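Colleague:
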């Protein structure tokens, strides 16, 4: 077993400052632990002895509102978010565990339907519900989903090299467009609601790309392309330059002023698409085959250069630092 | 790899009815998944490809109160509870992941100290903090800890046989005695507070017993001996008869009326000691060595017979069904 403790750097943001603080003191522990730990704290998953592990919290009032979703969708979405972390490292899903905290009334009326949704997301990628915990809570409905997978050759955030191209799967901003509509008291377009309520973890797509040996670094888009490309850039020690005109904005997000759609595409978050770096020119050769295999778009959104941070190139070719960030739990919200 | 999908049965209680309902539909999934899953839903841990996994929720107002504990103790205790599940199947700890939901203010003032406590519990058993998630929540402080370990030969709840003896490590009811004192507005005795705030996951003890091939079935005492012995009895398809006079009631719980102490010892919960079944006479031969190695008592508390449920034998030798149950999240509380 190759020893491969990565020193992961996270992009900017107060939430990530806290995570950095928590994890800093674990490098010593990681080195004590030795060969079993292939990927330590900070990537999408921890990988121990070829087993990839990730946890994702879904909290009522923060990640979803009860009025927006059916209970099955609350469960499905929470599991899809955790499974998406497995896709990010190109792990093959094995199972999920779920801890569920809810009020006593919800335990009877809601929890079984939430669990049905979890199970449906797991079934969709060939994983099973391995277990979990259930507790009464005076607070909001809350799920914590742990996804477990096999990853003998995990793909990390840290492998992007200057000269690489940056690609994303699918379309971005649909999920945020739904949230925006709900927040304005409107009903989201069906496609936007679907993007929010039923995101597809891109497991098969990630494995397909990984099998072809194309991918230098990968991340899943949970915080929004601006924020997640920032994590990838920080972990790889490079800068990412996005092409504004190339961002595949979801049709449901593209209504209204052009800049508003681009903003949702860049910072919306919770799209659970893949963002990856590959050698310039390498993906073009298989892009049509990818589209045909998965019925899903794949788009070159920018390039990787020496430097740091996330930058954006406008239609006139001017490059400037991208000031948008993704959703930050303990900072100012930009969406 | 031996295929060993266990059909686990849980003891009585409304919380367990819900878990039963969630897990019933996963047997089919488990059989589809095949050889990788050694222990399916329902035991203390799931075991996949020799990796043991467990999740434990700790919720302010349910599992602890902020006034009772230092933030470090909140973290330590949550991690110890999860690690105790690894002890229950005799798994060797690798790491923990923690999801933490808290208010924005707590993220700065409390969360880093909670994480220090988590790390301290992990360090104590040679595990590391592998990662986690952090989210703002409008609700109570909440931790979900996932413990990951290696278990090539996991010990299950389901292996107890008629004729076995039932043993527990340590003393029972100390943790519940602390809660009782706080609930009455008093300060708990130091030893009781320590039992609640700093439970020791019995990892080394479990591995020691497992290495000697003594243990037929094991569970950790999180719900209280009455409830947990009920899970073991249900999973093994046997009845357990406890000897009232043999229950090692924690000195801090033994104050007051004798029956009150016994009640705490049987139903108090959160002692995180081990309860295991072994062939009659087998443990006596190593009990002194165990006590010397760990400075911890080990006590025969009853026997395993044909039948079902948990029964208790009083000082006069009369045997009756034990009506006490452990803490139930969605039912009537008995402590």
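Protein chains in written order, with our numbering: chain S, 3 to 337; chain H, 3 to 337.
Backbone N, C-alpha and C define an ideal beta-carbon position, used for all residues, glycine too.
Keep in mind that this is a model prediction, so the values were computed, not measured.
1) Terminal residues of the continuous alpha helix (DSSP H) containing residue 122 of chain S?
2) Can you determine whether any heavy atom of the ligand FAD sits closer than 7 Å to the C-beta of residue 67 of chain S, and answer yes or no?
3) To which residues does DSSP link residue 323 of chain H through a beta bridge?
4) Under 8 Å, do residue 139 of chain H and residue 274 of chain H count as touching if we go by C-beta distance?
5) At least one CB of chain S closer than 8 Å to the CB of residue 2 of chain H: is that the case?
6) From the DSSP output, in three-state form, read off residue 295 of chain S for me.
7) For residue 36 of chain S, decide whether its Cβ has a neighbour in chain H, counting only Cβ atoms nearer than 8 Å.
8) Within the region 228-287 of chain H, note down every full beta strand (DSSP E) run reaching 3 residues or more, in order along the chain.
9) Starting from the Cα of residue 237 of chain H, find the closest Cα among H:228, H:262, H:219 and give me that residue.
10) Can you tell me where the beta strand (DSSP E) with residue 74 of chain H in it begins and where it stops?
11) Are the region 47-59 of chain H and the region 128-136 of chain H touching, with three or more C-beta to C-beta distances below 8 Å?
12) In the DSSP assignment, find the beta strand (DSSP E) that holds residue 53 of chain S and state where it starts and stops.
13) Give a yes or no on whether the C-beta atoms belonging to residue 174 of chain S and residue 242 of chain S are separated by under 8 Å.
14) Buried or exposed: where does residue 224 of chain S fall if 16 or more other Cβ atoms within 10 Å of its Cβ makes it buried?
15) Which residue marks the beginning of the beta strand (DSSP E) containing residue 175 of chain H, and which one marks its end?
16) Looking at residue 78 of chain S and residue 141 of chain S, is the spacing between their C-beta atoms short of 8 Å?
17) Between which two residues does the beta strand (DSSP E) carrying residue 221 of chain S extend?
18) Rounded to the nearest angstrom, what separates residue 271 of chain H and residue 177 of chain H at their Cα positions?
19) Flag this pair as touching only if the region 146-162 of chain H and the region 94-106 of chain H have three or more C-beta atom pairs under 8 Å; answer yes or no.
20) Can you give me the start and stop residues for the alpha helix (DSSP H) that residue 69 of chain S sits inside?
21) Rounded to a whole number of angstroms, what is the C-alpha to C-alpha distance between residue 234 of chain S and residue 186 of chain H?
22) Quick one: is residue 61 of chain H near chain S, going by C-beta distance under 8 Å?
23) Please check if any C-beta of chain H sits within less than 8 Å of the C-beta of residue 94 of chain S.
24) Just the chain H side, please: which residues come within less than 7 Å of residue 101 of chain S by C-beta, in chain order?
25) Short check: CB of residue 262 of chain H to CB of residue 244 of chain H, under 8 Å?
26) Which same chain residues, not among the five before or five after residue 334 of chain H, have their C-beta less than 8 Å away from its C-beta?
27) Measuring CB atoms only, is the region 303-316 of chain S touching the region 193-202 of chain S, in the sense that at least three cross pairs come out at less than 8 Å?
28) So with CB distances below 8 Å, who are the chain H contacts of residue 53 of chain S?
29) Would you check if the region 188-197 of chain S and the region 310-327 of chain S touch, i.e. whether three or more CB-CB distances between them fall below 8 Å?
30) Look up residue 205 of chain H in the DSSP assignment and say whether it is helix, strand or coil.
31) Using a Cβ cut-off of 7 Å, pull out every chain H residue sitting near residue 134 of chain S, in sequence order please.
32) Considering just the uninterrupted stretch of the beta strand (DSSP E) at residue 195 of chain H, what are its terminal residues?
33) Which residues in the same chain as residue 279 of chain S place their Cβ atom closer than 6 Å to its Cβ, once the five residues preceding and following it in sequence are excluded?
34) Any C-beta of chain S sitting closer than 8 Å to the C-beta of residue 232 of chain H?
35) Let me see if you follow: with CB-CB separation under 8 Å, is residue 355 of chain H close to chain S or not?
Modeller: According to the data block:
1) 113-126
2) Ligands in the displayed structure: none, and consequently the ligand FAD is not present.
3) H:313
4) no
5) Absent from the model: residue 2 of chain H. The displayed extent of chain H is 3 to 337, so no value can be given.
6) helix
7) For residue 36 of chain S, the pLDDT reaches just 46, beneath the cut-off of 50, and the residue's location in the model is therefore unreliable, leaving the point undetermined.
8) If you keep only unbroken beta strand (DSSP E) runs of at least 3 residues inside the region 228-287 of chain H, you get 241-245, 276-281.
9) H:219
10) Per DSSP, residue 74 of chain H belongs to no beta strand (DSSP E); it is in the alpha helix (DSSP H), 73-90.
11) no
12) 53-61
13) no
14) Result: buried.
15) From DSSP, residue 175 of chain H is part of no beta strand (DSSP E); its letter is neither H nor E.
16) no
17) 217-222
18) 7 Å
19) yes
20) Careful: residue 69 of chain S lies outside any alpha helix (DSSP H) and carries neither H nor E.
21) 53 Å
22) yes
23) no
24) 57, 59, 146
25) no
26) Summary for residue 334 of chain H: the model assigns pLDDT 39, below 50, so the residue's position carries little reliability; its value from the coordinates is reported in the next sentence. The beta carbon of residue 334 of chain H sits closer than 8 Å to no other beta carbon from its chain once the five residues preceding and following it are set aside.
27) Segments in contact, no.
28) 50, 51, 53, 150
29) no
30) helix
31) 57
32) Here residue 195 of chain H belongs to no beta strand (DSSP E); instead the alpha helix (DSSP H) covers 192-199.
33) 162, 166, 168, 218, 219, 306
34) Interface with chain S (8 Å Cβ-Cβ cutoff): residue 232 of chain H is excluded.
35) Lying outside 3 to 337, the shown extent of chain H, residue 355 of chain H is not represented and no answer is given.
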